[in-house]
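> Quick one: the structure is below, and I'll ask about it shortly.
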Amino acid sequence: MTLFEEIQNGVISGNAKGVADNTRKALDTGVAPLSIVNDGLIAGMNVVGVRFRNNEIYVPEVLIAARAMHAGMAVVKPLLSAGEIGGKGTVILGTVKGDLHDIGKNLVGMMLEGAGYKVVDLGVDVSPEKFLNGVDEYKPQLVGLSALLTTTMVNMKTTLEALQSYRDRVKIFIGGAPVTQKFADEIGADGYAADAASAVDRANALLVPV
Ligand code: B1M
Numbered sequence: 323m324t325l326f327e328e329i330q331n332g333v334i335s336g337n338a339k340g341v342a343d344n345t346r347k348a349l350d351t352g353v354a355p356l357s358i359v360n361d362g363l364i365a366g367m368n369v370v371g372v373r374f375r376n377n378e379i380y381v382p383e384v385l386i387a388a389r390a391m392h393a394g395m396a397v398v399k400p401l402l403s404a405g406e407i408g409g410k411g412t413v414i415l416g417t418v419k420g421d422l423h424d425i426g427k428n429l430v431g432m433m434l435e436g437a438g439y440k441v442v443d444l445g446v447d448v449s450p451e452k453f454l455n456g457v458d459e460y461k462p463q464l465v466g467l468s469a470l471l472t473t474t475m476v477n478m479k480t481t482l483e484a485l486q487s488y489r490d491r492v493k494i495f496i497g498g499a500p501v502t503q504k505f506a507d508e509i510g511a512d513g514y515a516a517d518a519a520s521a522v523d524r525a526n527a528l529l530v531p532v
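Okay, structure coming up:
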């Protein structure tokens, strides 16, 4: 088995120590840090995403895999240039105003990170103004809004309205248990994702120039 495969399998099985050890080994043998990220850590998380979507594994396994991926990232990160980290693009994530649920949003963030995005997590109960400030500060390509309450879904619409003048530069996608594609269409979001693995697919699709 190659070291890349060892790293991938370590991520998939959630073996944080094994991933960190094999990442160090790969560096010692002269493998470029970015290759370790792309062909080891991200490749492993991609498998995790597919299995999660197919209901072959569940939330706890994804969290454990993400922890293993982070263990490898911690080893390579100091060796990557700023431009190599999150090379795919920047995503701002947050749970909308009035809503404190963050487990699903965190999972989405981990999967996006695992897929090569830089994720700026604004947390929970994020007001439209805070999203606006975040876009100004971090200049993301994508903004992801999460809501778990029917009563806070409406704040997705007010957030979209607040970001109106950025819509030509920033794509906005939404998700969360009560959110549907129909609702996303109604409020004019650029995309909707039902789960964390689909959020990666949606982000990738939105980044493709039309
Ligand atoms: Co709350 N809660 N909760 N709760 N809670 C729900 C959501 C509820 C369905 C429970 C119920 O009544 N059956 C209900 C909402 C009803 C509704 O409006 N339809 C509810 C309620 C009513 C409340 C309170 C109002 C209760 C009260 O105080 N009376 C209160 C509200 C607080 C607030 O937010 N202001 C409240 C509080 C809480 C806790 C704080 C106790 C806790 C949250 C802890 C936390 O998140 N740190 C909590 C929890 C844990 C839940 C349940 C049990 C589980 C939610 C969860 O984490 N699921 C939930 C019932 C349920 O869903 N079974 C419930 C696991 C998570 C992985 O899934 O979040 O759906 P989920 O995320 C998925 C997808 O939705 C998607 O991907 C994720 C991974 O696949 N996704 C995205 C999520 N965000 C996305 C963003 C994307 C794309 C995909 O793009 C950006």
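Residue numbers 323 to 532, in the numbering used here, belong to the letters of the sequence shown in order. Glycine is no exception: its CB is placed at the ideal position from the N, C-alpha and C atoms. Please read all numbers here as calculations on a predicted model, not as lab measurements.
Can you determine whether any heavy atom of the ligand B1M sits closer than 6 Å to the C-beta of residue 412, and answer yes or no?
On the sequence shown, position 90 is the one that residue 412 refers to. No, since every heavy atom of the ligand B1M falls outside the 6 Å radius drawn around the Cβ of residue 412.
> In this structure, does DSSP put residue 480 in helix, strand or coil?
As a working mapping, residue 480 is identified with position 158 in the sequence shown. Three-state result, residue 480: helix.
> Within the continuous beta strand (DSSP E) that includes residue 440, where are the two ends?
Residue 440 sits at position 118 when you count from the first residue of the sequence shown. Per DSSP, the continuous beta strand (DSSP E) segment holding residue 440 begins and ends at 440-443.
> Using the C-alpha atoms, what's the distance from residue 430 back to residue 482?
As a position in the sequence shown, residue 482 is number 160, starting the count at 1. As a position in the sequence shown, residue 430 is number 108, starting the count at 1. So the two alpha carbons sit approximately 19 Å from each other.
> For residue 338 and residue 391, I'd like the C-alpha separation in whole angstroms.
Against the sequence shown, residue 338 aligns to sequence position 16. Against the sequence shown, residue 391 aligns to sequence position 69. If you take the alpha carbons of residue 338 and residue 391, they lie about 7 Å apart.
> In angstroms, rounded to a whole number, what distance separates the CA positions of residue 324 and residue 512?
If you number the sequence shown from 1, residue 324 lands on position 2. If you number the sequence shown from 1, residue 512 lands on position 190. Looking at the two C-alpha atoms, the distance is approximately 40 Å.
> As a quick exercise: from 441, 467, 472, pick the residue whose alpha carbon is nearest that of residue 460.
Counting from 1 along the sequence shown, the entry for residue 460 is found at position 138. If we check each option's Cα against that of residue 460, 441 comes out closest.
> Could you check how far apart the C-beta atoms of residue 372 and residue 519 are, in whole angstroms? I think they sit under 8 Å.
The count along the sequence shown starts at 1 and reaches residue 372 at position 50. The count along the sequence shown starts at 1 and reaches residue 519 at position 197. Indeed, because the Cβ distance is near 7 Å, the residues count as touching under 8 Å.
> Report buried or exposed for residue 468, applying the criterion of at least 16 other Cβ atoms within 10 angstroms of its Cβ.
Position 146 of the sequence shown, counting from 1, holds the residue named residue 468. Result: buried.
> Tell me the rounded alpha-carbon separation between residue 446 and residue 345.
Taking the first residue of the sequence shown as 1, we reach residue 446 at position 124. Taking the first residue of the sequence shown as 1, we reach residue 345 at position 23. If you take the alpha carbons of residue 446 and residue 345, they lie about 33 Å apart.
> Start and end of the beta strand (DSSP E) containing residue 413?
Numbered from its first residue, the sequence shown carries residue 413 at position 91. Counting along the chain, the beta strand (DSSP E) containing residue 413 begins and ends at 412-417.
> Closer than 6 Å to a non-hydrogen atom of the ligand B1M - does that hold for the CB of residue 462?
Reading the sequence shown from its first residue, position 140 is the one you call residue 462. Every heavy atom of the ligand B1M is 6 Å or more from the Cβ of residue 462, so no.
> In angstroms with no decimal places, state the Cα-to-Cα distance between residue 333 and residue 413.
Taking the first residue of the sequence shown as 1, we reach residue 333 at position 11. Taking the first residue of the sequence shown as 1, we reach residue 413 at position 91. Cα to Cα, residue 333 sits roughly 23 Å from residue 413.
> Here's the rule I'm using: 16 or more other beta-carbon atoms within 10 Å means buried, otherwise exposed. How should residue 486 be labelled?
As a working mapping, residue 486 is identified with position 164 in the sequence shown. Exposed is the call here.
> Please tell me whether, using a cut-off of 6 Å, the distance from the CB of residue 382 to the nearest non-hydrogen atom of the ligand B1M is below it.
By 1-based counting over the sequence shown, the position of residue 382 is 60. Not so, every heavy atom of the ligand B1M lies at least 6 Å from the Cβ.
> Tell me which residues share the same chain as residue 550 and place their Cβ nearer than 8 Å to its Cβ, disregarding the 5 neighbours each side in the sequence.
In this structure the chain extends from 323 to 532, so residue 550 is not present and cannot be described.
> Terminal residues of the continuous beta strand (DSSP E) containing residue 386?
Counting from one through the sequence shown, the residue named residue 386 turns up at place 64. Counting along the chain, residue 386 falls outside any beta strand (DSSP E), though it belongs to the alpha helix (DSSP H) covering 381-398.
> Return the chain-ordered ranges of every beta strand (DSSP E) run that is complete within the stretch 427-474 and spans a minimum of 3 residues.
440-443, 464-468
> Report the residue from 462, 506, 384 whose alpha carbon sits nearest the alpha carbon of residue 478.
On the sequence shown, position 156 is the one that residue 478 refers to. Looking at the Cα atoms, 506 is the closest of the given residues.
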